[in-house]
Structures are given as C-alpha cells and as structure tokens.
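Participant:
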Amino acid sequence: FDAEYGKFSGAVMNTITKSGTNGIHGSAFEFLRNDKFDARGFFDPIDQPKAELRRNQFGYAVGGPFWKNKLFWFTDYQGTREVRGASTGSVTVPTADQRSGTFTPADFADSSGNPLLVDSQPCPGGATCGLNWADTLSNRLGYTVTNGEPYGAIQVPDPSQPSGFRLDPCASTAQCVFPNATIPSTAFAKPAVAILPYIPIGDGNGNFADASQRNKIKDDKAGQRVDFINKMTGDWSFYYHFDDSNNFNALDASVPGFSSVTVARAQQFVLNNNKTHGASAVNQFRLSFFRTATHTDEPTSSFAKLSDLGFATGPGTLGIIPSGPPGFPQTVPPIYFNNFSLGVNTLTTFQPNNTWHVSDTFSKARGRHTLKFGGEFRYLQINERNTCAPNGDFTFDGSITGSDFADFLLGASQNYNQCSQQFLDSRSRYAGAFAEDTYKVKPNVTLNLGVRWEVSMPWYDTQGKIETIVPGLQSTQFPTAPLGWVVPGDPGIPSTLAPTRYNDFSPRLGIAYSPGFKDGIAAKIFGGPGKSSIRASYGIYYTSIEDLNLFYEVGDAPFGLYWVSPNPVNFDQPFQEVANGMSETQRFPFVLPKPGSPANKTLDYSIYLPISYSPGYDIHNRPPYAEHYNLSIQRELSKSTVLTLAYVGTQGHKLISQYDANPGDFALCLQLNQLNATPACGRNGENQTYTLSPGVPAPAKAFTTPCPTGTPAGSTCIAGTRDHLGPDFSQNNSFTANIANSSYSAGQITVERKAADFTFLAAYTFSKAMDNSSGFGQWVNFLNPRLSRSLSAYDITHNFVVSYIWAVPFERAFGNLPKRLTQGWSLNGVTRLSGGLPVGLSQGGDYSLVGGGNTDVPNIVGKVVTQNPRKDGPNGANTYFLPDAFASGPNGGFGNANRQFFHGPGINITDFGISKRTMIREAIGFEIRAEFFNLFNHANFSNPHGNFNNTDTFGIVTSTRSFGDTGSGLREGQISAKFTW
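Quick note: the sequence shown uses the numbering used here, first residue 300, plus one each step.
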C-alpha cells in the first residue's frame, strides 16, 4: 500500500459503510443453520447424537432521505443466536487401571527407559520444614521408603533389547516403593481423591471423546449513519456502531464440566468531512472514537469449596488462600496434565479500551502529477483488571514419578501458580505524516513516489506499574529489589521502558508500465498496446509494537505477585515443597504497594522471591519493520480473461520475540557433577541446592547459599545453576527483544475470467516462509537465535484456490416457462487445495539442563515418514508421522531437530452454494440461497502433537481444522432468504 497508510507492516483494511439515498431502499435477511444439514465430526463418538447446531442470523439494512439531495439516513441491524455442539475431539485420559493406581513399569521411567527414583532431601539451613518426601510416602504406605529408591520399575538385563535391558515391575517393597507398579489408595493425596470424579472415564485404552456440550452465542449489532451534503462546508457524514455479545464457552478445559462466559460491548463513532477545492483538489478529514469493554472467561461451573476438595486453606496454613476480588467464587483449580486439562480458565479479565483517531488528507491534481499529503494521530488506552489464578493452578508432568497421573494421585505437583489481582492503565500515542506523488511520466508509464514518517510511542502505565530486567542495575525506587529488577524512574529507565524513536522514515516506490509494442515478438508476448501491464513496487513498513511491554509486565513484582513455585510442591499444601518439606511461606493475601510511596524504600521483597514467570523488556527495543517488494506481469488473454504472473517478497527485521533471561547453565551442572556435588545435578535441578565436600571450592560462576542443617562443617552449598541473574530469580523469566527476523518469497499465478454467464478466479501460490520465531509465544534460543531458524509456522508451500460463479441459463432450456422461474439462478463456490502447516516439535523433561524447555527439541535419527492420519501407528490411531525418526535430545545440550521442518496434513475443502433471485417488480426482489461449507465433507486434520515426551500422542492427530465459524470444519449447511426493495 502507498505512503498514506502505516502503523502496520501487514494489510490495512478500510471499511466503507452505506449511505442513504433520495429513495427508501433496504433489505431484510435471515440465515439459518441446523445440524440436520450437517455431517458428524470426524472425532465425535458414533454412539452419541450428532453435535447440536441451531444458528439464526437475521437483520435489516434500510436508508432514505431526511431532506432530498441534502440530508440522508441509513440504519442497519444484525442479530445472531447460536447453540453449537462443542466437541472435545480425541482426548487421552487415565485408564480405569490408572485411576485405581495400577500402572506399568514404563510409567515409572523416563523416555530413555531409566527408572525414576525417590528424591528426598534434608531441610535447608534456617528453613522451616515438615516431612520430606520419603517420610510422607512412608506415613501413607505404612512401610519405609528411602531416598533413591525406584518408584515402580527396575532394569533387568536383556540382550534382545536394543538398550540391553528391559523394564520389569518389582516384586516387593524391598526393591521399590510400589510393587507390581501399583499405588495403594492409601497413598493417594486428599485433593486427588476429591477431584478424580471430575476426570471423565474413557474407553479401555484411555481414549475419550464427547460432542454433547453446547456453546452459546448471543450477538446484537447495529449501525446508524447520517450524511449531509453541503457545497460550502463540504460533505459531512456521521456513523455510530454498537455491538453487544455474550459468548458461553462450554469447554473451558479439554474435558467437559468446566464452562465460562465472555461478555463484550464495542462502540464506534466516526465523523467524516470531504471538501472539494475547485475541480482538482480534495480534502478529507476524519475523527473517530472506538471503545471496547470485555469481561472474559467468568466461571459458570465447577464451583466447590477448596476445603471440600481436600486443600488446606485459610490464614496460618500453607494451603490456598483465594486471591480473587470480593465475591469471586471458589472453583476446582485449573490442573494441567501432559495430554489434557481440567478446571476453568486461569485468567479472567475486565478490559475497557479506548482509541481516539484524527486524520487529514489533501490531494491535488496538477498536470501529470497527483500530489497527496496528510497525517494522522492516535491516542490509545488499555485498562486491565485481571483476576489471575485466584484459586491457584497446578501442573503435573511426570517429573516426579515418570507419570503425570501418578504424580497427581500422590499429590506431587511440578509447580503451583497463584496471582494477586493485576491492574494496568496503559497508554500510547502514535503520529504519522506522509507525502506522495503519482506521476504519469508517459501515457503508459506511471510512477508512485512517497515517504512516510512515523512516531510510535511505546506503551506506558499511568502510575508506572511496570518493571523490567537490566542486569547489574540496582533499583533506587525499590532498593530492596534484587539486582537487575528495575522500574520506571530508576536510572536510565523511562516510563515507556524503551525510548520513543523520531527517525523512522518509510520510502514507498511503485511503477506501472503498459508495453506499447505493435509488432514483432514483443507484440506477440504482450498482446499489443493496452493488453499487458508490468508493475513493481518496494516499501518499508514499520509496525507499532503491541502492548506487549505492558501486557506481559502486568501484575509482577512489586506491583503484583505472580507466584510460581520454584520446586515441586505438595498438592494439598502448595506452599510446601515435596522433596524436603520446606515451607515456601504463605504469600497471600497480597497488599499492593503504592507507586512513589516512601514505604517502598524498605519494602519487604522476600514475599516475591524467587521471581518467576516475570518477563523483562529490552530498554533498547524499537519498532519492527518489514521490506515488501513485488513484481507482476498482467496479460489480457481475451476480452474476458486476464493472466497475472507475480513474485512477492518480504523481509521482516527486528521482530519482537522472547528468550530465557535466566536459564540454567548446563556447563555448571556438569561441572558440579565432576566435583561430586550432592545430590547429583540433572534434569529439573536448576533450583536445587548442591553441596560440595569440605575443601572443594565453588565454581567461578556459581552462587553460594547457606547449607542445610546437618551438613558437614566446611562444606560449600550452591544455589542452583541459574547463574545469569542469580538465585533471586527462578524459571521462565523471559526477555522481550528485537531478536527475530523473517523472510517470505512467493511465485503467484492468477487467471481471472469475467463474463455474463461464467466468472472464475483461479490462483496458485508457490512460497516459502522462514523465521526464527513465528510469534511472541515462540521463544528464541538464548545461546544463538540462529539455532531457532526454521520454516515459519505459517509456511504453506503449495496453495491453490479457485472461486467460480455460473449464471445457469435455464431460460434457454425452458423458454416456455415464466421468466420468474427460469431467470436468476446461479451456482457458486470456492475450492481450496493446499499443503499443510509445519509441525512444531518440542521436548519437555529438561534434557538440555537449562530449565523451561521452551526451545528444547528432540534428536532426529532417521527419515520422517508421514501417512494418512486415518491410519494407525505405534502410538495409536490417527497417526500422521511415525515417531521412530526421533530420539531424546542429549543431556546437557539441545536436540538436532529443527523446531519446524516438515509439514502437517494439507487442506482440501469446497464451499458451494445455489441461489435464486426473483424480481417481484422493479427494485423489489427476493433471493433464496442454499450453501454448504465443506460440501464433500473432507476431514481436514489439524497438525499432530509434536511434544516428544508425550509418548501417547506424539505424531497423533486428535482434531480437525475449523474454517471461519464452522465449528469442527466438517460439512455444514445453511439456507437463507433476503428481501430487497
């Protein structure tokens, strides 16, 4: 797009609303969808009724004059009422045996076949501790459990196995904690017993699917436009839009029983003035205001007292003290397993946003030049009031026993998260100005030259309630904060965290040339004068940074408490660690400090430590930008058919992404093992305390800490392996910076035919997109961002789309019938055939020894074999790729597989419709339509699961793609009627 538009490096859409005329004209419509027209979802159980669908869209649009030729009105309304069956797809849940405590030896081993061992540790020096893990299990089981004892699997030599051994269950408590790989019910944690009924029962293999849930939508939107025509002041228009919605989500988790509602209201006011100045100049002025107010994911089910669920709660406990606003309900906390989740959404948000926008554009034609100048200004407000994990949330991933569900039954949670209420009052300003000249050099050559200047202020909070990481800088606003954790007002830290740039200029260049060859080979190629055109363009486009520097900073220390346990904790008392029984101290209720208060100088920062899951924002960040360039050749093949060949390229620079600001140091971990530290340093040990024997010096990069009670005199204790920021910071402290880049190249072929009887547009694109981060959630490797470069998550190599409309000539075949019956029939459709999106690969379990796992990938050890997802594979039904091409990544390093290097299932979909338009009399008509989305009911599969550690689902497809508002993406029918006058 030309220099008039900016702020974004992608597409810009301008919507033109209808205006009234001297006559009263309008339309009324009704669109109906019903499951009677639909197909069953591919993964929906056949023994259950088809997913319900009742959808009605109805409304009107009508306009006319208040004062002919002077003042006009136009109004419209659309209502939507929908009840749609919600399908879980295929979900892997615990089997009946697992629910009763019966497992297999493989469940108690890691992905390399090594049995998991009891990790029980002494109480750290100066800490308050309860029972350690071995004593806890001993009390429940009635027999002694010791540190280092296998849970339920032992290795037995077996030359027939590639590894040289097999896993067997143990026969007695002298060999392992759970003989026969069975956990007695006496060992179950109280919350696990109480929450178990909320987990659905699957088939014999643990597969579960349900399509009986009902999502509901109620939406009402209306618009009103008034136009005033006046030669002296110009033409004025005023537009107001209103949209109220209420969306009920029946599946707030991956299994039924957890629902929420989102309520929203949007309003827009637009004032526009177009004033002509003579025959060659026009000025356009626009003033607008846009407001949204959204309340997301308010719980509507699974209400339960935490005490009734087996949790310790209330003051003086290490249990859960709810941290929501007054009146916020207690519910089943969100619980995340490897293959499914339960509980309502962790985050409930109330967010009223306001945007003011003013722009003015002046254009003038002068000879062969058309000059255009203008500018715009935006003021943006985002106000957030978040209720974050008010009843806590838990993650069970198998890091304790090897099985996520065994961890759940025993009540050993990998981590616990709870937040205080989060408050954000963010603001930003944007200004842009441009100048361009469309210069007709010759009748067949046109140049478009332009430049745009943009100033995009980074977002700031009105009270400075944000923070960031600057290693080595001590906060002066909060002197008790850890070194490197700073806020606005500290030395060198502006209110916007990063500076506002005033030198972002964007050149825009375009050229259009129509070859005028009249004879020779060139005339044959280009078809003669006026039959072809060649266009080329280049431009730089800046993107205003979204409110990322604040959205991800909100609610973090000291302006909120986002607590994530640094080590595994007990399910019933989530402020007590599993291994040593150490109290992490109760952190709630939380009192928000007032920005600028003198009391901040002596604030007790210990309640925030260690800081986890709290991002930093690079104070040197700048707006990302993209270079767009293209070349196209368009050739008229006939009076109704045009062929276009094009090349399109894009380079994205200084894109915003994240990397780990405080990873574990795998080299330090291996060094500690060489020094015979206890316990041995290994996976998930970044926050562990390690003891070196008397006389053994600490490694140079290590942070020391007081030793546990009973440690031999002269010993040195090491505070984990996170040596970038130190022990006051824990896991998943991301750093947001301009570290990503992208590229896109595409060849395009388009054929378009426009004729009275048959019109079609066919387009084929062959493209490749590469990047080292396809979005803010895809972290970049902290050691070297180039290690993350791969296919973009949006890469589609082949994409073919054809749309078509055939005006069926029934009047020719049935000329003796009334024209109202034979005229106005048409068939139309859109068919898309394309390749799939790249499969994202990851590996949990912390094999890299850096913690977090956001950039861990497995090793690739063979050719990736893909197949039709309707087939079975080693991991079960609906296998897309065979898992034997991958192996676990190395300990203390990253796997050699690329994060995205092969594509998932492709797309094959046809939407088709038939319509009949009948003219009752002049200017009065009636149209009926019947349409089918995915007419041939082709199952377009979503990408398979790519987490190597989830062996039950690795390579497996468990859902189908949805397109637009068609739910599961399977065939969906719609009939409609429209009356116009």
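For every residue, glycine included, the Cβ atom is placed at its ideal position computed from N, Cα and C.
No experiment lies behind these values; they were computed from the predicted model shown.
Whose C-alpha, out of LEU971, VAL853, PRO1204, is nearest the C-alpha of THR988?
Facilitator: Nearest C-alpha to THR988: LEU971.
Participant: From the DSSP secondary-structure annotation, give me the bridge partner or partners of THR472.
Facilitator: None, per the DSSP bridge assignment.
Participant: On the DSSP bridge list, what partners appear for PRO598?
Facilitator: PRO598 is bridged to SER559.
Participant: How many angstroms separate the CA atom of THR1008 from the CA atom of SER437?
Facilitator: Spanning the two alpha carbons is a distance of roughly 22 Å.
Participant: Which runs of the alpha helix (DSSP H), 4 residues or longer, sit entirely within the region 892 to 974?
Facilitator: 965 to 973, all fully within the region 892 to 974.
Participant: Going by C-alpha distance, which of SER882, ASN879, PRO873, LEU860 is nearest ASP903?
Facilitator: Out of SER882, ASN879, PRO873, LEU860, LEU860 has the C-alpha closest to the C-alpha of ASP903.
Participant: Do you know how far the Cα of ALA1222 is from the Cα of GLN356?
Facilitator: Answer to the nearest angstrom: the Cα atoms are 24 Å apart.
Participant: Just tell me which of GLY623, SER1102, ILE1255, GLY1123 has its CA closest to the CA of ILE1208.
Facilitator: Answer by Cα proximity: SER1102.
Participant: Counting Cβ pairs closer than 8 Å, one from the region 702 to 710 and one from the region 458 to 468, do we hit at least three?
Facilitator: No, the region 702 to 710 is not in contact with the region 458 to 468.
Participant: Please state whether the Cβ-Cβ distance between SER1275 and GLU597 is less than 8 Å.
Facilitator: Going by C-beta atoms, SER1275 is not nearer than 8 Å to GLU597.
Participant: When the Cα atoms are used, what is the spatial distance from ALA592 to ALA966?
Facilitator: Cα to Cα, the separation comes out at about 49 Å.
Participant: Given a threshold of 16 other Cβ atoms within 10 Å of its Cβ, counted over all protein chains shown, does GLU753 qualify as buried or as exposed?
Facilitator: Its Cβ being crowded by 16 or more others within 10 Å, GLU753 is buried.
Participant: Should PHE889 and LYS764 be called a contact, given that it needs their Cβ atoms to be closer than 8 Å?
Facilitator: Not in contact: PHE889 and LYS764 (Cβ atoms no closer than 8 Å).
Participant: DSSP three-state call for SER1261: helix, strand or coil?
Facilitator: Three-state result, SER1261: coil.
Participant: Are at least three pairs of beta-carbons, each pair with one atom in the region 358 to 365 and one in the region 326 to 344, less than 8 Å apart?
Facilitator: Because the criterion of three Cβ pairs below 8 Å is met, the region 358 to 365 and the region 326 to 344 touch.
Participant: Nearest-angstrom Cα distance between LYS530 and PHE365?
Facilitator: If I take the Cα positions, the gap works out to 18 Å.
Participant: Whole angstroms are fine: how far does the CA of LEU974 sit from the CA of GLY1192?
Facilitator: Each residue's alpha carbon lies about 20 Å from the other.
Participant: Leaving out five residues before and five after TYR812 in sequence, what residues of the same chain have Cβ atoms less than 6 Å from its Cβ?
Facilitator: Excluding positions up to five away in sequence, the list reads VAL744, ILE833.
Participant: Taking LYS1000 and ASP1022 to be in contact with their CB atoms under 8 Å, please state how far apart those CB atoms are, rounded to whole angstroms.
Facilitator: That belief holds up - the Cβ atoms of LYS1000 and ASP1022 are roughly 4 Å apart, short of 8 Å.
Participant: Can ASN1177 and ILE1255 be called in contact, C-beta distance under 8 Å?
Facilitator: Against a cut-off of 8 Å, the Cβ pair of ILE1255 and ASN1177 comes out as a contact.
Participant: Buried or exposed for MET756, please, with buried defined as at least 16 other CB atoms from any protein chain shown within 10 angstroms of its CB.
Facilitator: Looking at its Cβ environment, which holds 16 or more other Cβ atoms inside 10 Å, MET756 is buried.
Participant: So, are the CB atoms of ASN573 and VAL581 less than 8 Å apart?
Facilitator: Taking 8 Å as the Cβ cut-off, ASN573 and VAL581 qualify as a contacting pair.
Participant: Three or more beta-carbon pairs under 8 Å between the region 799 to 810 and the region 1047 to 1061, yes or no?
Facilitator: No, the region 799 to 810 does not touch the region 1047 to 1061.
Participant: Excluding five sequence neighbours on each side, which residues of the same chain lie with their C-beta closer than 7 Å to the C-beta of ASP696?
Facilitator: The answer, listed in chain order, is ASN637, ASP703, GLN713, GLY1143.
Participant: When you compare each of ASP518, GLY963, LEU646, ASP1094 to ARG380 by their alpha carbons, which one comes out closest?
Facilitator: That would be ASP518, whose Cα lies nearest to the Cα of ARG380.
Participant: Span of the alpha helix (DSSP H) holding ALA493?
Facilitator: Unbroken alpha helix (DSSP H) run through ALA493: 489 to 494.
Participant: Buried or exposed: which applies to TYR801, given that a residue is buried once 16 or more other Cβ atoms fall within 10 Å of its Cβ?
Facilitator: Exposed, since its Cβ has fewer than 16 Cβ neighbours within 10 Å.
Participant: Check whether the Cβ atoms of PRO1137 and PHE1180 sit closer than 8 Å, and answer yes or no.
Facilitator: No, the Cβ-Cβ distance between PRO1137 and PHE1180 is not below 8 Å.
Participant: Using 8 Å as the cut-off, can you tell me whether the region 1151 to 1168 makes contact with the region 1104 to 1118, which would need three or more C-beta pairs spanning the two stretches below that distance?
Facilitator: Segments in contact, no.
Participant: Residues in the same chain with beta-carbon distance under 7 Å from LYS817, minus the five sequence neighbours each way, listed in chain order, please.
Facilitator: Excluding sequence neighbours, LYS817 sits near GLY827, PRO828.
Participant: Within the continuous alpha helix (DSSP H) that includes GLY273, where are the two ends?
Facilitator: Nothing about residue 273 can be read from this structure; the chain reaches only from 300 to 1280.
Participant: Cα-Cα, which of GLY412, PRO496, LEU430 is closest to VAL455?
Facilitator: Ranking GLY412, PRO496, LEU430 by Cα distance to VAL455 puts GLY412 first.
Participant: So what does DSSP say about ARG1131, is it helix, strand or coil?
Facilitator: Correct three-state label for ARG1131: strand.
Participant: Please state whether DSSP places ARG332 in a helix, a strand or coil.
Facilitator: Looking at ARG332 - three-state DSSP - the assignment turns out to be strand.
Participant: Taking the DSSP output, what are the residues bridged to ALA734?
Facilitator: Partner(s): PHE672, VAL750.
Participant: What are the complete alpha helix (DSSP H) segments, minimum 4 residues, inside the region 1008 to 1061?
Facilitator: With a minimum length of 4 residues, no continuous alpha helix (DSSP H) run stays inside the region 1008 to 1061.
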